[in-house]
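To keep things clear, I will list the structure first and then write my remarks on it.
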Amino acid sequence: MTRILVADDEPQLLRALRITLRARGYEVETAPTGAAVLEVAARRHPELILLDLGLPDLDGIEVIEGLRPWYDGSIVVLSARHDPDDKVLALDAGADDYVTKPFGMEELLARLRAAVRRAAPAPDSVVVTTDAFTVDLAAKRVTAGDHDVRLTPTEWGLLEVLIRNPGRLIGHKQLLSEVWGPAYQQEFGYLRVYVAQLRRKLEPDPSRPRYLITEAGMGYRFEP
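Mapped onto our numbering, the consecutive letters of the sequence shown carry residue numbers 5 to 228.
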């Protein structure tokens, strides 16, 4: 059973989400503050955190930054902030998706399912090795030299699509559909943010990428 931690300071919304998610078969933990999110996440190890940015004690961005050094699960932001800059800040900090309030429950559930799928183990044992890093698809593990490279579930999902198609151009819409879902085919900003993050973690010189190549106006490809 997938465990989800729901963090929001609106008691009615927190209760509605808890009831709905439990009815859909999820195990649900709740937290009304940023400090509680960090404490419950460390103690209960949820597969996914649904996080409101407007918590009373800590800004949600601070919570994400506090989670990401050690938390490998998915983080889906749920926020009343509609400014694109807030979305970019959350994604840069390590969020995997961003849902604005008010939201449709079915859309939210679909996004949660997509986030859980991205974090699921790969079905085979393909290992891809470059001069800079090695990717083990079965173990969902990336190493550079003797060190593990920590990726978020969305970073992993994007890298996996590219790794499985070496030398092949993958279009923007295909990447967005495969990693985030068909409803995200116009969210080109997501790709820019996450490709930049992958390059910072994997490329010897992120400003001059050798492996994660941009095809201007078309998409991206992995060059082994």
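Built from N, CA and C at the ideal position, the CB exists for glycine as well.
When rounded, the separation of the alpha-carbon atoms in R7 and E66 is 22 Å. A Cβ-Cβ contact shorter than 7 Å links A119 with V80. About 6 Å separates the Cβ atoms of L9 and V44, confirming a contact at the 8 Å cut-off.
Put simply, the backbone Cα of D140 is about 29 Å away from that of Y30.
Counting only the Cα atoms, E51 lies some 8 Å from D76. Here R85 carries a coil assignment [DSSP, helix/strand/coil]. By the neighbour-count definition (other C-beta atoms within 10 Å, threshold 16), I174 is a buried residue.
By the C-beta criterion, the region 174-185 is judged to be in contact with the region 148-163, since at least 3 inter-stretch pairs fall below 8 Å. Taking the Cα positions, R19 is about 43 Å away from L216. Listed in chain order, the alpha helix (DSSP H) elements of length 4 or more contained wholly in the region 59-127 are 64-71, 88-97, 109-122. For the set G70, K105, F226, A11, the Cα lying nearest the Cα of R168 is the one of F226. Taking all protein chains shown into account, R203 has 16 or more neighbouring C-beta atoms within 10 Å of its C-beta and is therefore buried. Exclusion of the five residues before and after L195 leaves H176, L179, L180 as the residues of its chain whose Cβ lies within less than 7 Å of its Cβ. In the DSSP annotation of this structure, the continuous segment of the alpha helix (DSSP H) that includes G161 starts and ends at 157-167.
V130 sits in coil when the DSSP states are folded into three classes, being neither helix nor strand. Taking a 10 Å sphere around the C-beta of P157, we find 16 or more other C-beta atoms and assign the residue as buried. In the three-state reduction of the DSSP assignment, H151 falls in the strand class, which pools E and B. A Cβ-Cβ contact shorter than 7 Å links R115 with D101. When DSSP reads this structure, Y224 sits in a beta bridge with I174, T218.
Here the alpha carbon of H49 sits roughly 17 Å from the alpha carbon of L155.
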